[in-house]
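Straight run, no breaks: the sequence shown in my numbering ends on number 338. Note that CB positions come from ideal geometry on N, CA and C, so glycine has one too. Structure first, then comments.
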Amino acid sequence: LKTSLTAGLIGILLVMLFMLIVYRLPGLVANISLIAYISLVTLIMAGFYVPEWRFVILTLPGIAGVILSIGMAVDANILIFERTKEELKAGRTLFTAINSGFDRAFTSIFDSNMTTIITCAILYFCGTSVVKGFALTLALGVMVSMFSAITITKNFMHLIFGTGNLKNPAMFGLRPEEIGEGFNVVETKR
149 LKTSLTAGLI GILLVMLFML IVYRLPGLVA NISLIAYISL VTLIMAGFYV
199 PEWRFVILTL PGIAGVILSI GMAVDANILI FERTKEELKA GRTLFTAINS
249 GFDRAFTSIF DSNMTTIITC AILYFCGTSV VKGFALTLAL GVMVSMFSAI
299 TITKNFMHLI FGTGNLKNPA MFGLRPEEIG EGFNVVETKR
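Written as C-alpha cells, this is what we have:
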C-alpha cells in the first residue's frame, strides 16, 4: 500500500513536470487544477468513509482507480489545451480561442468520461468486492475530473489570461509565425 502511494505520488509529480514543459503557462493552470482535483477527490472519499458501511476504503485496486482517474483528468486538460492552440493558430483572439477550445473539447471529454462511468457501473454491479472498490473510486474520480476540467481549469484560464490579446505565443508553446491572421472587417466602396 505504501509503495503504491509512493508510486502514485512520483507519477503525479512527473505528469505535472510534463505539463509544465510542454504546455508552459497553461500547464501551470492544469497543475493547479490537478491539485484542486486531488483535494476534491480526497475530501469526497473521506466524507464517504463510514466504518459500518465500508462504502469507500482505499485498497490497492482503489488506489489504482484514483491514479487512473488522475490520468483522465490530465487527458481532459490536454484535449482542452490542444484545441485552444488550434484556435490560436487559426487566428482567433485569446478569449475566443479559450472558449472555443473548451467547447470543442467538451464532446470528447464527455464521451470518454461517460463511457468510463458506464463501464464502472457494470464492473460495480457484476464484480467482486475488489473490483467494486476499483470501479467506485474510478467513477468518483471521473465525475470530479469532469467538474474540475470544465469549471476549475476554464475559470483559471480566464482569470490568468483575461480577455486580452495573445502577446507572447510562447506561453502556449507556439511560435509567433504559427499564429494565424484573424478575420478583419474592412470597409469597402460600393
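Check whether residue i and residue j have beta carbons under 8 Å apart
i      : j      : result
Ala297 : Ile265 : no
Phe127 : Ser181 : Since the first residue shown for the chain is 149 and the last is 338, residue 127 is missing from the structure and cannot be characterised.
Gly159 : Ile215 : yes
Ser256 : Leu227 : yes
Ile169 : Leu236 : no
Val222 : Val292 : no
Lys233 : Leu149 : no
Asn247 : Met294 : no
Gly213 : Gly289 : yes
Close Cβ partners of residue i (< 6 Å) along its chain, the five nearest in sequence each way excluded
i      : result
Ala178 : Met167 and Asn225
Phe309 : Leu242
Leu173 : Met319
Val278 : Pro209
Ala245 : Thr232, Glu235 and Leu236
Ala238 : Gly328
Val333 : Since pLDDT at Val333 reaches only 47, below the 50 mark, its modelled position is unreliable, and the value read off the structure follows with that caveat. Same-chain partners within the cutoff: there are none.
Pro324 : Pro317
Cys125 : In the structure displayed, the chain extends from 149 to 338; residue 125 sits before or after that span and is not available.
Leu271 : Val279 and Ala283
Nearest-angstrom beta carbon gap, residue j and residue i [assumed within contact, 8 Å]
i      : j      : result
Arg231 : Gly219 : With 8 Å as the limit, Arg231 and Gly219 do not qualify as a contact, their Cβ atoms being about 19 Å apart.
Phe282 : Pro209 : 4 Å
Contacting residues, own chain, Cβ-Cβ under 8 Å from residue i (five flanking each side not counted)
i      : result
Ala184 : Ser296 and Ile300
Ser217 : Val189, Thr285, Leu286, Leu288, Gly289, Val290, Val292 and Ser293
Ile192 : Leu288 and Val292
Contacting residues, own chain, Cβ-Cβ under 7 Å from residue i (five flanking each side not counted)
i      : result
Tyr171 : Ala178, Phe229 and Gly321
Arg252 : Arg231
Leu176 : Leu168
Ser152 : Leu208 and Ile211
Lys315 : none
Any non-hydrogen atom of the ligand ZN closer than 7 Å to residue i Cβ
i      : result
Gly328 : In the structure shown, the ligand ZN is absent, as is every other ligand, since no ligand is present at all.
Starting from the N-terminal side, write out each stretch of the alpha helix (DSSP H) that is 4 residues or longer and does not extend beyond the segment 291-327. 301-309
Sequence ranges, alpha helix (DSSP H) only - wholly within the segment 238-301, length at least 4: 242-274 and 277-295
Entirely enclosed beta strand (DSSP E) segments - the segment 152-191, minimum 3 residues: none
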